[in-house]
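Encoded as structure tokens, the structure appears first; notes follow it.
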Ligand code: FAD
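This is the structure we're talking about:
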């Protein structure tokens, strides 16, 4: 055995085949979204076969934002055995069908990146057909049912909780978790109050045996090989364990500070390094509850708008090289209007990039300590969920097989590097070039392989062969949406479409329109749906 202490494994017989036994004593440091999602998931996965302690500081706050999610989050709740009726009301949650991008092309323009798989006709994606036969000015409403639903503020569920018809989820050989939606349900995600989710999961995990210590970690102990042996708390003394999970946020207390793992910055390609956030009250009886996250382009970044049951979460993500915090806050307050008058601003410095390796020795970093990119596609909580799934998949035994760590690190790195590329495309693709910030987005370096892919996409819309090749959560159609929506890169339809009868493609456009019309007519608005839920 070359690992740290064997605390908690004593007395456990290795598996019958002679393999080393899985480690059984886990210490999670940090009680934000990452810490509690990890504690809850590991408990759901392993029950009381693993001893879990979570220590969080009452003095160091959580990041306090993180409200929009990616559609795979539904697997997280399913895994925990939680139905929407269990957790959604407790977290002021609403439904999310897309990201709505405003003003990335020009003032007044908007498009959606929906959670809906792209149809294909005669082997070509419908977006390719749309480039050849643009049936209207909007690729999103022509190619996706969801776009019209969102324009009309529709809810993805009927009031009697009938699910949307399954025929909407088209088959396509998409990778991993997204593929699992096929034949399941209509893809959608959620907006929720992250701190309420952490509170909900605290109850979930502690009821299932997780030990909860509220204390400050003041020191981290290493053994002679540089593996973590314990963390020292101010009031509860030493907490020992086999596996330590660093969920301490941007601080990276274990991974970066104690183990000195370097941080790989993405700032050369994604310069937004700051945010200012506001929580604005909203009245569900008056204000529309849009079933999407909105990203509105600004002079030095963009503003998110996230509708929740009780309030709107909003914030300006900006590059401090272009504007200062005061100006960002002023812009945000003007954008929100009078409703922001009494809201206090939360200024946040963001660390953009990832730890070189997220798993070092017996320490796994999950959440902001592992890595973060600006929340333009709501990937923060997706990174956490994905990392936890991988941790279970590559869970260590007492012999600490290096190959498990390497595979885990490869998977986590691919996801973050892939999402980075996708985000860079938003800026490179944006037609907007009306000031220095937006002009610079056209000349800034892009991650290496992206430059080549950008050239390829000018001649042919993205497909599985030309997007970031390793799993990163985003299917090829996401790239089509951003390219067609942002409008700054001249994409052309495949010449072959000149030679193929367009009848079926035009019929498919019509089918999308018909389906959308039917759903807009029959589905409730989000306001109606949640008002009815509230009334019971
Ligand atoms: P934190 O929330 O920072 O928690 C750190 C924890 O560590 C706290 O409990 C703290 O008490 C504890 N801690 C620190 N030091 C000590 C110590 N010495 N002793 C004991 N405990 C300690 N994600 C999305 O998916 N969607 C979004 O829309 C989204 N928007 C975002 C907007 C912004 C501006 C930012 C910055 C992030 C956003 N994210 C979003 C990301 C999301 O907020 C995070 O991924 C998520 O909150 C996880 O944070 P965390 O738990 O890693 O860290």
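Residue numbers (the working numbering): 1 to 536. Ideal Cβ placement from N, Cα and C applies to all residues, glycine included. Quick caveat: nothing in here was measured; it's all calculated off a predicted structure.
Can you list the beta strand (DSSP E) stretches of 3 or more residues lying completely in the stretch 176-233, in chain order?
Runs of the beta strand (DSSP E) inside the stretch 176-233: 189-191, 211-214, 217-222, 228-233.
Pull up the DSSP beta-bridge partners for residue 102, would you.
110, 296.
Is residue 216 near the ligand FAD - that is, is its Cβ less than 6 Å away from at least one heavy atom of it?
Yes, Cβ of residue 216 sits closer than 6 Å to a heavy atom of the ligand FAD.
Using the rule of at least 16 other Cβ atoms within 10 Å of the residue's Cβ for burial, across every protein chain shown, is residue 252 buried or exposed?
Classification of residue 252: buried, given that the 10 Å Cβ count is 16 or more.
For residue 41, name the three-state secondary structure that DSSP assigns.
Helix.
Per DSSP, residue 247 forms a beta bridge with which residues?
Residue 247 is not bridged to any residue.
Looking at the unbroken alpha helix (DSSP H) that takes in residue 130, where does it start and where does it end?
It spans 126-132 - the alpha helix (DSSP H) in which residue 130 sits, taken as one unbroken run.
Apply the 10 Å Cβ neighbour rule to residue 499 and answer buried if 16 or more other Cβ atoms are within range, or exposed otherwise.
Result: exposed.
Where DSSP assigns a beta bridge to residue 96, which residues make up the other side?
Answer is 189, bridged to residue 96.
Would you report the Cα separation of residue 200 and residue 26, rounded to the nearest angstrom?
Their Cα atoms are separated by approximately 21 Å.
Going straight from the alpha carbon of residue 340 to that of residue 331, what length do you get?
Taking the straight line from one Cα to the other gives about 11 Å.
CB-CB under 8 Å to residue 64, same chain, minus the five flanking residues each way: which ones, in chain order?
Within the same chain, residue 64 has close Cβ partners 194, 195, 277, 346.
To which residues does DSSP link residue 302 through a beta bridge?
DSSP lists 297, 317 as partners of residue 302.
Would you check whether the ligand FAD has a heavy atom nearer than 6 Å to the C-beta of residue 375?
Residue 375 Cβ: within cutoff of the ligand FAD.
Would you mind stating whether residue 537 and residue 312 have Cβ atoms separated by less than 7 Å?
Residue 537 lies beyond the range of the chain shown here (1 to 536); nothing can be said about it.
Starting from residue 117, trace the beta strand (DSSP E) both ways and give me its first and last residue.
Taken as a continuous stretch (DSSP letters only), residue 117 belongs to no beta strand (DSSP E), as it is neither H nor E.
Could you name the residues of the same chain whose beta carbon sits closer than 6 Å to that of residue 141, not counting the 5 residues immediately before and after it, in chain order?
Only 147, 148 meet the Cβ criterion.
Using only CA atoms, which one of 366, 383, 439, 292 lies nearest to residue 525?
Residue 525 has its Cα closest to that of 292, out of 366, 383, 439, 292.
How big is the Cα-Cα spacing for residue 269 and residue 422?
Each residue's alpha carbon lies about 11 Å from the other.
Could you have a look at residue 372 and say whether DSSP puts it in helix, strand or coil?
In the structure shown, residue 372 sits in a strand (DSSP, three-state: E or B).
Excluding five sequence neighbours on each side, which residues of the same chain lie with their C-beta closer than 7 Å to the C-beta of residue 487?
Cβ within range, chain order: 105, 431.
Relative to the alpha-carbon of residue 349, which residue among 372, 338, 314, 364 has its alpha-carbon at the smallest distance?
The residue with the shortest Cα to Cα distance from residue 349 is 372.
Tell me the residue span of the beta strand (DSSP E) that contains residue 444.
Careful: residue 444 lies outside any beta strand (DSSP E) and carries neither H nor E.
At which residues does the beta strand (DSSP E) containing residue 263 begin and terminate?
263-265 is the extent of the beta strand (DSSP E) around residue 263.
Quick one: what's got a C-beta closer than 7 Å to residue 519's C-beta in the same chain, skipping five residues either side?
145, 149, 154.
In whole angstroms, what is the alpha-carbon distance linking residue 231 and residue 88?
Their backbone Cα atoms lie some 35 Å apart in a straight line.
Within 10 Å of its beta-carbon, does residue 9 have 16 or more other beta-carbons around it, so buried, or fewer, so exposed?
In this predicted model, residue 9 has a pLDDT of only 42, less than 50, meaning its place in the structure is not dependable; the value taken from the coordinates is given anyway. Buried, by the Cβ-count rule.
Going by CA-CA distance only, name the one from 436, 84, 237 that's closest to residue 192.
For residue 192, the nearest C-alpha among the options comes from 84.
Do residue 30 and residue 56 have their C-beta atoms within less than 7 Å of each other?
Yes, Cβ-Cβ distance for residue 30 and residue 56 is below 7 Å.
Give, in chain order, every unbroken run of the beta strand (DSSP E) that is at least 3 residues long and sits entirely within the stretch 339-394.
Counting only runs of 3 or more, we get 346-349, 353-355, 363-365.
State the Cα-Cα distance for the pair residue 367 and residue 501, rounded to the nearest angstrom.
Straight-line Cα distance between these residues: approximately 49 Å.
Quick one: does the C-beta of residue 378 sit closer than 6 Å to a heavy atom of the ligand FMN?
With respect to the ligand FMN, the structure offers nothing, as its ligand set consists of the ligand FAD.
Counting only the same chain and skipping the five closest in sequence on each side, list residues whose C-beta sits under 8 Å from that of residue 167.
Confidence in residue 167 is poor, its pLDDT being 38 and thus under 50, which makes the residue's placement unreliable; the coordinate value appears in the next sentence. Here the set comprises nothing.
May I ask which residues mark the beginning and end of the alpha helix (DSSP H) holding residue 141?
Run containing residue 141: 139-143, per the alpha helix (DSSP H) assignment.
Is it the case that the Cβ atoms of residue 527 and residue 289 are separated by a distance below 7 Å?
Yes, they are a contact pair.
Taking the beta strand (DSSP E) that residue 238 belongs to, which residues open and close that run?
It spans 237-240 - the beta strand (DSSP E) in which residue 238 sits, taken as one unbroken run.
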